[in-house]
Every structure is written in structure tokens, then in C-alpha cells.
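Here is the structure we will look at, set down as C-alpha cells.
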Amino acid sequence: MAPAIKKLNTHNEELYGQDFLTLADYSPEQINDLLDLAFYIKAQKKKGIPFEPLKGKVLGMIFEKSSTRTRVSFEAGTIQLGGQALFLSSKDMQLGRGETIADTARVLSGYLDGIMIRTYSHHDVEELAKYATIPVINGLTDLYHPCQVLADLQTMMEVKGDLKGKKLVYIGDGNNVAHSLMIGSAKMGIEIVVVAPDGYAPDKEVVEKAQQFAKTSGGKITLCTDPNEAVQGADFIYTDVWASMGQEEEQVKRRKDFADYQVNESLLAKAKEDVTFMHCLPAHRDEEVTESVIEGGHSVVFQQAENRLHAQKALMTALMS
Ligand code: CP
Ligand code: NVA
Numbered sequence: 004m005a006p007a008i009k010k011l012n013t014h015n016e017e018l019y020g021q022d023f024l025t026l027a028d029y030s031p032e033q034i035n036d037l038l039d040l041a042f043y044i045k046a047q048k049k050k051g052i053p054f055e056p057l058k059g060k061v062l063g064m065i066f067e068k069s070s071t072r073t074r075v076s077f078e079a080g081t082i083q084l085g086g087q088a089l090f091l092s093s094k095d096m097q098l099g100r101g102e103t104i105a106d107t108a109r110v111l112s113g114y115l116d117g118i119m120i121r122t123y124s125h126h127d128v129e130e131l132a133k134y135a136t137i138p139v140i141n142g143l144t145d146l147y148h149p150c151q152v153l154a155d156l157q158t159m160m161e162v163k164g165d166l167k168g169k170k171l172v173y174i175g176d177g178n179n180v181a182h183s184l185m186i187g188s189a190k191m192g193i194e195i196v197v198v199a200p201d202g203y204a205p206d207k208e209v210v211e212k213a214q215q216f217a218k219t220s221g222g223k224i225t226l227c228t229d230p231n232e233a234v235q236g237a238d239f240i241y242t243d244v245w246a247s248m249g250q251e252e253e254q255v256k257r258r259k260d261f262a263d264y265q266v267n268e269s270l271l272a273k274a275k276e277d278v279t280f281m282h283c284l285p286a287h288r289d290e291e292v293t294e295s296v297i298e299g300g301h302s303v304v305f306q307q308a309e310n311r312l313h314a315q316k317a318l319m320t321a322l323m324s
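Positions 4 to 324 (our numbering) are the ones given, in order, by the sequence shown.
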């Protein structure tokens, strides 16, 4: 089912030195190159064969928000690639006391070979990338979560093979994960339906961008508000938390607004029989998804989490070696 593993030249002339802020900046061919490399790296790891193209290289990881998967997969991944990773809490950096992003970018560029950053404003990450002379990787902003979706594309290919024409239904908040799924789907020729209650639809500019990309890939982008109708014929159902990091004070209101948008057994039964359930994690069980769905036979959430490691190792190899 999953694509054949290709033996690859790890130095990628086109991607070396580039930033990874959004999948919108990558062509379908480049995304496919990264995925080929991710499959290769995963296969080598499973065989216990060392793969260390980042020997002597150092990744700095700036976190302004919490993380389990992103932090550990980037840190473990860098070490497995032969390099080292530094965890930098923005609270403990001068950045947290008002040093500018532009100055931080130029200082860190003198010490490091790459920067991964998780923060609020996407504009801050663009600013960091503008001034840094080393690759900057977006580890989640309020707008996008491209590393998650790169790993999700790997998972989707493992589960269903060729993704062209497959139907992915995202149910819930039109957030960073939804935005990156829309861009990733549009690039890869996937049909994506985003189902959100009124007032929680994805960002208009992102929708337009995705629609533009879908024109050349054969993908399709649809927005709607009725989950029952949307899941018909779905190959994948994806959800995420109703309140993202930074929206904690809206949690109670959102719980009410999203009450009809839970992924449960009866919704799953309306999709294809072999539908795959996905979630980027962390999950709020019995809110956006029931315990029985996330723990059930259709769920691939831990495969998704594991693939963060392999996909990001591919990304770092391509950008930094
Ligand atoms: N999915 C994801 O990015 O998880 P973390 O917040 O734990 O990094
Ligand atoms: N939308 C979630 C994703 C967490 C990985 C958030 O931003 O909190």
C-alpha cells in the first residue's frame, strides 16, 4: 500500500538553506521529495541502520507555547541525525525581555545551523526568517502547523497509498491545523471539506490560496457547516481541539458552539466503511472526539505522532545537510 522506498541522495540542491514556514511555499514535487525521504529515513530507522547527515550541526528550538510531540520529535530527531538540539524557552531568552526578533535572528545565525520556532504570530516567524541566514522551521503558529501536515501526508499515504482524489473531512475549528491541511491537500490533489460552525470558518485568505493551488493539482476545497452531510464518502475524518493554545478563556463558550461537531461512532458510520480517523493530538477526549473513536480500529493518531519524527528528520536533512 505505502509507496516503494527509494534510495536517495540526501543533499537537495533546491531545498538546502530554505525556510519551512508554510507548505504554500513548496511545490508538490518538493513535498513529494520530502515524503520520499521521510519513508526512507523511517525504513532505515526500523532496520536500525544509522543515518547521520547532521553530524556537527546544531538546531535551536524556540518555544513560546507548550509542546510534547514537536519538542521531543525535533530533539530526538536531530540527535538521531547525528546533530544536537537546544531547547530555548522564549521566557528565558532576551527575546522575552524585548530584544527584537531581527536582532535575535542575526545573533542565532552565528551559532546555529537551523532554528525551529513555535509561537503565536505567524508574522513573527516570517520576521525571524527574513533576518536569519540559516533555515527557519515553523513548529506551529496561530496560522499554520506545516510540520504536522507533512507528517500527516506521510501517514495518509501509508494508510491509503496514492492520495489523489481521496476525500478528507476536517471537522471543528478553522484553525492552524485546518489551514495547513487545506494547503497540503490542495498541493497534493486531495479533496478537503472543512466543516465548522458559523463564526469558526477558516481564514479567507488561506481558503483562496488553497483554492488557487487546487486548480493545478486536481484537488478540491469545500467549506460547510453540516458534519453529517460532509462525511459521506470520506476516506479520512480529522479533528482538533475546539480551543487552541492561547484561546483557553474561550473554552466554555466554544464547548457550546461546537457541541454538534463531535466525531463519534454515529458520525463515523456515515463515512466510508474503511474511513481513517486522524487527530494531531493533544486530544480532549469526549469533547471533539469520543474515547471509543480515538481508541477504536479506525484511529491512526499514534502513527501520526510517530511520523512527526520521520517527516521532520527528512525536513532537517533536506534543509540543513
Ligand atoms: N501535534 C503537536 O504539535 O503536538 P505538541 O503540541 O505536543 O507539539
Ligand atoms: N490547534 C492546536 C494544535 C496543537 C498541536 C493548537 O494550536 O493549540
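Just so it is clear, CB atoms sit at the ideal spot from N, CA and C, and this is done for glycine as well.
Quick one: using the 10 Å Cβ neighbour count with 16 as the cut-off for buried, is residue i buried or exposed?
i	result
T81	buried
R100	exposed
Q215	exposed
G51	exposed
K45	buried
V255	exposed
T219	exposed
If I measure Cβ to Cβ from residue i and keep anything under 7 Å in the same chain, skipping five residues before and after, which residues do I get?
i	result
M323	L57, K60, D116, G117, P138
P200	T228, D260, F261, Y264
S76	R311, L312, Q315
Measure the CB-CB distance between residue i and residue j and report whether it falls below 7 Å.
i	j	result
A317	L91	no
T73	G175	no
A314	L146	no
L171	F239	yes
L84	E55	yes
L111	A88	no
V198	P230	yes
M185	A213	yes
So residue i and residue j are supposed to be a Cβ contact under 8 Å. How far apart are they, rounded?
i	j	result
V244	I224	Incorrect: roughly 22 Å between the Cβ atoms, too far for contact.
Q265	M281	15 Å between Cβ atoms; not a contact.
H125	T144	4 Å
L226	I193	Going by Cβ atoms, the distance from L226 to I193 rounds to 15 Å, so no, they are not a contact pair.
D162	V303	At residue 162 the sequence reads Val, which differs from the Asp that was named. The pair is a contact, with the Cβ atoms about 6 Å apart (cut-off 8 Å).
I140	F23	5 Å
T13	T320	5 Å
Return the chain-ordered list of same chain residues with a C-beta closer than 8 Å to the C-beta of residue i, the five sequence neighbours on each side being excluded.
i	result
I34	L26, L153, L156, G187, K190, M191
R109	Y134, A135, T136
S93	I65, F66, E67, G99, T122
Apart from the five residues on each side of it in sequence, which residues of its chain come closer than 6 Å, Cβ to Cβ, to residue i?
i	result
Q47	F54
E78	A88
R257	W245, A246
- request: Take every Cβ of the stretch 228-244, pair it with every Cβ of the stretch 265-278, and state whether three or more of those distances are shorter than 8 Å.
  value: Yes, they touch.
Does the pairing of the stretch 238-257 with the stretch 164-182 give three or more beta-carbon distances under 8 Å?
Taking one beta carbon from each stretch, the stretch 238-257 and the stretch 164-182 have 3 or more pairs nearer than 8 Å; the two touch.
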